[in-house]
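Number of protein chains: 2
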Amino acid sequence: MTKNELPLSKDEILDAAEQVLRRYGPDKTSVVDIAKVLQVSHGTLYRHFESKAALREAVTSRWLHTSIAVPLEAIASGTGGSAVERLRLWLDTLIQTKRKFAAEDAEMFAMYANVTVIEVEMISTHMYRLIKQLEQIIEAGMASKELKQGNSESLARAVFLATSRFHHPSHAGEWAMGSLGEDFESVWQLLLGGLT
Amino acid sequence: MTKNELPLSKDEILDAAEQVLRRYGPDKTSVVDIAKVLQVSHGTLYRHFESKAALREAVTSRWLHTSIAVPLEAIASGTGGSAVERLRLWLDTLIQTKRKFAAEDAEMFAMYANVTVIEVEMISTHMYRLIKQLEQIIEAGMASKELKQGNSESLARAVFLATSRFHHPSHAGEWAMGSLGEDFESVWQLLLGGLT
Numbered sequence: 020m021t022k023n024e025l026p027l028s029k030d031e032i033l034d035a036a037e038q039v040l041r042r043y044g045p046d047k048t049s050v051v052d053i054a055k056v057l058q059v060s061h062g063t064l065y066r067h068f069e070s071k072a073a074l075r076e077a078v079t080s081r082w083l084h085t086s087i088a089v090p091l092e093a094i095a096s097g098t099g100g101s102a103v104e105r106l107r108l109w110l111d112t113l114i115q116t117k118r119k120f121a122a123e124d125a126e127m128f129a130m131y132a133n134v135t136v137i138e139v140e141m142i143s144t145h146m147y148r149l150i151k152q153l154e155q156i157i158e159a160g161m162a163s164k165e166l167k168q169g170n171s172e173s174l175a176r177a178v179f180l181a182t183s184r185f186h187h188p189s190h191a192g193e194w195a196m197g198s199l200g201e202d203f204e205s206v207w208q209l210l211l212g213g214l215t
Numbered sequence: 020m021t022k023n024e025l026p027l028s029k030d031e032i033l034d035a036a037e038q039v040l041r042r043y044g045p046d047k048t049s050v051v052d053i054a055k056v057l058q059v060s061h062g063t064l065y066r067h068f069e070s071k072a073a074l075r076e077a078v079t080s081r082w083l084h085t086s087i088a089v090p091l092e093a094i095a096s097g098t099g100g101s102a103v104e105r106l107r108l109w110l111d112t113l114i115q116t117k118r119k120f121a122a123e124d125a126e127m128f129a130m131y132a133n134v135t136v137i138e139v140e141m142i143s144t145h146m147y148r149l150i151k152q153l154e155q156i157i158e159a160g161m162a163s164k165e166l167k168q169g170n171s172e173s174l175a176r177a178v179f180l181a182t183s184r185f186h187h188p189s190h191a192g193e194w195a196m197g198s199l200g201e202d203f204e205s206v207w208q209l210l211l212g213g214l215t
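Chains as they are written, first to last, in our numbering: chain W, 20 to 215; chain R, 20 to 215.
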């Protein structure tokens, strides 16, 4: 007899998986542990996710979406005001969010950093979404003549890649260094010179 | 009775250490293994290097100097011709050298990638040297009016940081992706827009 007689929703499963992954860490978590929290058999869980890796990927993907992409989307889709200021706010928010999570949500961040290396397709999708947001800001800036005309898609990709040092998880170890703010400022000024 | 009655030179020790580190990998190498190759006691070796970590750091530091910094120095100190072309050649050489080593000299590259994380001071010195080379190129470009006037030190640092994705070892896993050449081209065009 299971607690859930209704079919499990994807979010219920991911909530339980996230909770267990945070508690035990990715290595020590088993699908059985997650099934236990949901009070279902692990067979039931396997009908929804074919492996622990698939569950971990889905948890990370949801976390990236709600914690990173959605808040940034609100900035990117803003209208009115300066596109340059919006671009700077978007980058600052991305960088601050990553740093905050690296420090305060270390389990999820470690899982994400790990996924970055192995789940290339999922990360490409996430990157693609963020670069599209940058493109939106850059296009607004071109329309308002704040930014010079150019290929907004290629420029958006370039801005994202050129700021990797400040938001890519494999640099997290360097974020604690004192010169980070000054370093970003020098990159920002250089990029802005190329955009305006 | 040791083979070397003359004092060991630093380079002799590092040659032996590099040979053993390549053969066994950093984890399995011991100072005793290195001493054996040199036919000295490990006590003799400890008089030169206080730990295996110190030896590994010295080997990596020498490798960075001879394989990366010296060839780039030859480009940076070149005179005549276009500073923009020199800047591009310098970046291309840095990126190609790193990629080549990641693929063809995997043991040294893995050791270097590891050192990047733990030996912050050594890596800062290496970075500082490379950024000084960039500064030299940028100053030449400002002198010849190819590049617009500005703070060459800050611009050199910005160019180095903004291209991290293409030369920092923690991105080595991404270098095999197909879009790398195109990605670098978009970053290069953006940076060039900021510099000229």
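Here a beta-carbon is modelled for each residue, glycine too, at the ideal position from N, C-alpha and C.
Assignment of Ala195(R) by DSSP, reduced to helix, strand and coil, places it in the coil class. Counting C-beta pairs closer than 8 Å gives three or more between the stretch 39 to 47 of chain R and the stretch 116 to 136 of chain R, which meets the contact rule. Between Val78(W) and Glu104(W), the beta carbon gap of about 34 Å keeps them out of contact (Cβ cut-off 8 Å).
Straight across, the Cα-Cα distance linking Ile94(W) with Asp202(R) is about 25 Å. Taking C-alpha positions only, Asp111(R) is separated from Thr63(R) by approximately 43 Å. Non-local C-beta neighbours of Pro188(R) in its own chain, meaning closer than 8 Å and more than five positions away in sequence, comprise Lys117, Ala121, Phe128, Tyr131, Ala132, Thr135, ordered along the chain. The beta carbon of Ser60(R) sits closer than 7 Å to the beta carbons of Ala54 from its chain, once the five residues preceding and following it are set aside; these are given in chain order. In the DSSP assignment, Ile87(R) falls outside any alpha helix (DSSP H), carrying neither H nor E. For Leu57(W), the enclosing alpha helix (DSSP H) begins and ends at 50 to 57.
Sorting Ser183(W), Thr215(W), Lys119(W) by C-alpha distance to the C-alpha of Ala195(W) places Lys119(W) at the top. Burial state of Ala181(W) is buried, judged by a 10 Å Cβ sphere holding 16 or more other Cβ atoms. Gln152(W) and Ser96(W) have their C-alpha atoms roughly 8 Å apart. Within the stretch 123 to 146 of chain W, contact with chain R at the beta-carbon level (separation under 7 Å) is assigned to Val136. The criterion of a C-beta distance shorter than 8 Å is not satisfied by Glu154(W) and Glu165(W). Remark: C-beta atoms of Ser28(R) and Ser183(W) do not approach each other more closely than 8 Å. Residue contact with chain W for Gly213(R): present (Cβ-Cβ distance below 8 Å to some residue of chain W). For Val51(R), no chain W residue has a C-beta closer than 7 Å to its own C-beta; the minimum C-beta separation is roughly 31 Å. Not a single CB atom of chain W sits nearer than 8 Å to the CB of Asp30(R). Taking 3 residues as the minimum length, the stretch 90 to 178 of chain R contains no beta strand (DSSP E) run wholly inside it. In this structure, Gln58(R) lies away from Ala177(W), with their beta-carbon atoms at least 8 Å apart. Residues of chain W whose Cβ lies closer than 8 Å to the Cβ of Gln168(R) do not exist; the shortest such Cβ separation is about 12 Å.
Apart from sequence neighbours up to five positions away, the residues of its chain that approach Ala102(R) with a beta-carbon distance below 7 Å are Ile156, Ala159, Gly160, Ser163, Glu165, Leu166, ordered along the chain. Rounded to whole angstroms, Ile150(R) and Ala175(R) show a C-alpha spacing of 6 Å.
Note on geometry: alpha-carbon atoms of Tyr147(W) and Glu140(W) lie some 10 Å from one another. The Cβ atoms of Leu74(W) and Val50(W) sit closer than 8 Å to each other. Leu83(W) has its alpha-carbon roughly 37 Å from the corresponding atom of Thr215(R). In the three-state DSSP reduction, Phe203(W) falls in the helix class (H, G or I).
By the C-beta density criterion, Lys71(W) is buried, having at least 16 other C-beta atoms within 10 angstroms. Classified as exposed, Gly200(W) has fewer than 16 neighbouring CB atoms from the shown chains inside 10 Å of its CB.
Under the DSSP assignment, Ser183(W) falls in the alpha helix (DSSP H) whose first and last residues are 183 to 186. In this structure Phe185(R) touches Ile114(R) by the C-beta definition: roughly 5 Å separates them, less than 8 Å.
In its chain, beyond the 5 residues on either side, Trp109, Thr112, Leu113, Leu149, Gln152 have a beta carbon closer than 7 Å to the beta carbon of Leu91(R). The beta carbon of Ile142(W) sits closer than 8 Å to the beta carbons of Val134, Thr135 from its chain, once the five residues preceding and following it are set aside; these are given in chain order. Between the alpha carbons of Ser80(W) and Thr48(W) lies a distance of about 18 Å.
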